[in-house]
Structures are given as structure tokens and as C-alpha cells.
Amino acid sequence: MSMGAKLIVEKVTKRFGGVVALNRVSINVPSSLIVGLIGPNGSGKTTLFNVVTGYYTPDEGQVLIEGSSRVVDITGWNPDRISRLGVARTFQIPRLIPSLTVLENMLLFYDYGSCASITCSLRRKWVDVEEAAIARAMSILREFGLESIARKRPAELSAGHLKLVETLRGLMSDAKLFMLDEPFAGVESWMARKLTETIRKINREKGSTFVIIEHRITELLEGVDYVYVLHNGSLLAEGKPGEVVSDERVIKAYLGK
1 MSMGAKLIVE KVTKRFGGVV ALNRVSINVP SSLIVGLIGP NGSGKTTLFN
51 VVTGYYTPDE GQVLIEGSSR VVDITGWNPD RISRLGVART FQIPRLIPSL
101 TVLENMLLFY DYGSCASITC SLRRKWVDVE EAAIARAMSI LREFGLESIA
151 RKRPAELSAG HLKLVETLRG LMSDAKLFML DEPFAGVESW MARKLTETIR
201 KINREKGSTF VIIEHRITEL LEGVDYVYVL HNGSLLAEGK PGEVVSDERV
251 IKAYLGK
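Note that UniProt numbering numbers the sequence shown so that position 132 is 132, with each residue one more than the last.
In C-alpha cells form, the structure reads like this:
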């Protein structure tokens, strides 16, 4: 089994005018671990994802990725460059391309390797790779009972199906680090459980690292190894799932008790 990437966030601060969205946040995600990131709305979770994946540049601090025996400082890199390092990210609001079918949107996230170049398109190898990509996409859709929507466009899908396809296309890649923003939002309970099983399978077979934002705490805690809690832009607590949900600070801040 290959190893996933290790994510290191060191004292990251992000401001928007006078609002401090992240205040010296540090997290350390070991390779091949599945980690949950929870907290109330507005606590800074998606902002942290945006910093890690290059959509925001932090005002202070560093973001490091460790993999293949080297540490890379990706602070300030653009999203495309970070993606090429093996980081896959899905979004809270689906970003499917409207003019493409579900299948075509899925294929965009497949790792074509050397066949991503135009020269490969002139060889038989490209046909084999494309067939493999389609087979993988259809296999994933079939596993979730979604093969019937493969030829549909995003405008024809329900909100729940849009969200699920957003997550599933991210899982098409051979990324070392997956950043999933609310993968269970709007999907049925059985699909959320199936997603958890799929994430676990990818983690077990490929060693990929996962960081998952989610508000459906019960389902999240069933599938993660470790949890970080943000509150008002700061790190409030961290630990194993059972430890975090029994932490009085978390109960007060997150559960409102």
C-alpha cells in the first residue's frame, strides 16, 4: 500500500478586513489518516480548506505537505499547482460543469498520468486509458445506484444528487490527500454510510489521507480516526472522536449545551 500525504498547518491566520477568520490555527494530519474537522457555522472550517488548497493566501503561517520523503511548503501556491502535488478538493456548493454530463464531469478527475498530454491521444494507449476511466466512473456511480444519471447534465439533478456527484468525482482521482467539504450534506443516510465505506476502502487500499468537514456529526464520527474542532476561527479541541464529543468545551460551543 502506498502512503498518503501528511498535512501540516502551522499558526495560520487569515483576515478579511477587521474580521479574523482564522487565528493562529495549527493542525497536523499524519499520512494515511482520516480526520474530521467540525465546528459551528462561521468557525473557519471552509476558510481553512481554502487556505490549504490555494484559494486563499494566509496573512500569517505556513501550509506544508509531506510525501515521498520530502516536505513542500505550498503556502501561497495556486490551486492548480497544489492539485498537481496530489491534493484533491471537493466543495460545499457543487462545482460541476453545466455543459457536461455527470460521466464527463467524473472523468475530469481521473488521473490520466502520462496520457494527459496531447501526444498520448495519437496512440492506442489513450483508448485503453479512456476506457479504464469510464469503467471506473461507471463502477462508482453503480455502487451508489446512480448509473441512470450518467448521461444527465447537472441541471437535471436533484440537490442531493448534485452534492453526491461532487464528492464522487473527487474520489475518482489517485490523490494522496483528499479534502472533502460536507460530503454528506443533502444525501440520504444509506448513501452517507456508503460514502463512509468508500472513503475507508480508498484509505485502506491506497493509503490516501482524508480531511473531512461535516455537520452530520454522528455519521462523520463513525468513519474518522481523529477530530479537530474550530470555534470562532481558533482551534478549540482535538482528539479521538469519543474524547472530542465528551469535551465540555465542545459541548458548550458546538452543541449549544
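Every residue, glycine too, gets a C-beta built ideally from N, C-alpha and C.
Under the three-state DSSP convention, the category residue i falls into
{"i": "E130", "result": "helix"}
{"i": "K213", "result": "Going by the sequence as given, residue 213 is Ile instead of Lys. Strand at I213."}
{"i": "S158", "result": "coil"}
{"i": "F144", "result": "coil"}
{"i": "R136", "result": "helix"}
{"i": "L85", "result": "coil"}
{"i": "L180", "result": "strand"}
{"i": "M1", "result": "Any reading at M1 is ruled out, since the residue's pLDDT is 49, under 50, leaving its predicted position unreliable."}
{"i": "L164", "result": "helix"}
{"i": "T90", "result": "coil"}
{"i": "E10", "result": "strand"}
{"i": "G233", "result": "coil"}
{"i": "G18", "result": "coil"}
{"i": "G170", "result": "helix"}
{"i": "E219", "result": "helix"}
{"i": "E238", "result": "strand"}
Where residue i falls, given that 16 or more other Cβ within 10 Å makes a residue buried
{"i": "A132", "result": "exposed"}
{"i": "F184", "result": "buried"}
{"i": "T57", "result": "exposed"}
{"i": "S139", "result": "exposed"}
{"i": "R95", "result": "exposed"}
{"i": "P154", "result": "buried"}
{"i": "V19", "result": "exposed"}
{"i": "S208", "result": "buried"}
{"i": "D80", "result": "exposed"}
{"i": "E182", "result": "buried"}
{"i": "K252", "result": "exposed"}
{"i": "N203", "result": "buried"}
{"i": "K201", "result": "exposed"}
{"i": "K45", "result": "buried"}
{"i": "I65", "result": "buried"}
{"i": "N50", "result": "buried"}
{"i": "V227", "result": "buried"}
{"i": "F144", "result": "buried"}
{"i": "V71", "result": "exposed"}
{"i": "F67", "result": "Looking at the sequence itself, residue 67 is Gly, so the reference to Phe does not match. Flag for G67 reads buried."}
{"i": "K163", "result": "buried"}
{"i": "A135", "result": "exposed"}
{"i": "S43", "result": "buried"}
Distance between residue j and residue i (C-alpha atoms, nearest Å)
{"i": "L85", "j": "L37", "result": "22 Å"}
{"i": "A237", "j": "D247", "result": "8 Å"}
{"i": "I27", "j": "V165", "result": "29 Å"}
{"i": "W77", "j": "G54", "result": "6 Å"}
{"i": "G170", "j": "I97", "result": "14 Å"}
{"i": "E214", "j": "E130", "result": "33 Å"}
{"i": "N232", "j": "D128", "result": "50 Å"}
{"i": "T75", "j": "V63", "result": "5 Å"}
{"i": "E10", "j": "S148", "result": "45 Å"}
{"i": "residue 264", "j": "L33", "result": "What is shown of the chain runs 1 to 257, which leaves residue 264 out entirely."}
{"i": "K14", "j": "L235", "result": "13 Å"}
{"i": "L107", "j": "V52", "result": "24 Å"}
{"i": "S173", "j": "F210", "result": "13 Å"}
{"i": "A159", "j": "I93", "result": "10 Å"}
{"i": "V244", "j": "A192", "result": "21 Å"}
{"i": "W190", "j": "D111", "result": "28 Å"}
Where the alpha helix (DSSP H) through residue i begins and ends
{"i": "K252", "result": "248–253"}
{"i": "A192", "result": "189–206"}
{"i": "G242", "result": "241–245"}
{"i": "K45", "result": "45–52"}
{"i": "E104", "result": "102–107"}
Delimiting residues of the beta strand (DSSP E) encompassing residue i
{"i": "S31", "result": "It is not in any beta strand (DSSP E) - S31 carries neither H nor E in the DSSP assignment."}
{"i": "I65", "result": "60–67"}
{"i": "L96", "result": "No beta strand (DSSP E) holds L96; DSSP gives it neither H nor E."}
{"i": "residue 264", "result": "Here the chain covers residues 1 to 257 and nothing more, so residue 264 does not appear."}
* Touch test, the stretch 175–185 against the stretch 2–12, Cβ-Cβ under 8 Å, three pairs minimum -> Contact annotation: the stretch 175–185 touches the stretch 2–12, with at least three C-beta pairs closer than 8 Å.
* Asked: Is there contact between the stretch 181–198 and the stretch 210–229, where contact requires at least three CB pairs shorter than 8 Å?
  -> Touching, per the Cβ criterion.
* Asked: Okay, do the stretch 143–162 and the stretch 102–111 touch, 3+ Cβ pairs below 8 Å being the bar?
  -> The stretch 143–162, when compared against the stretch 102–111, does touch it at the 8 Å Cβ threshold.
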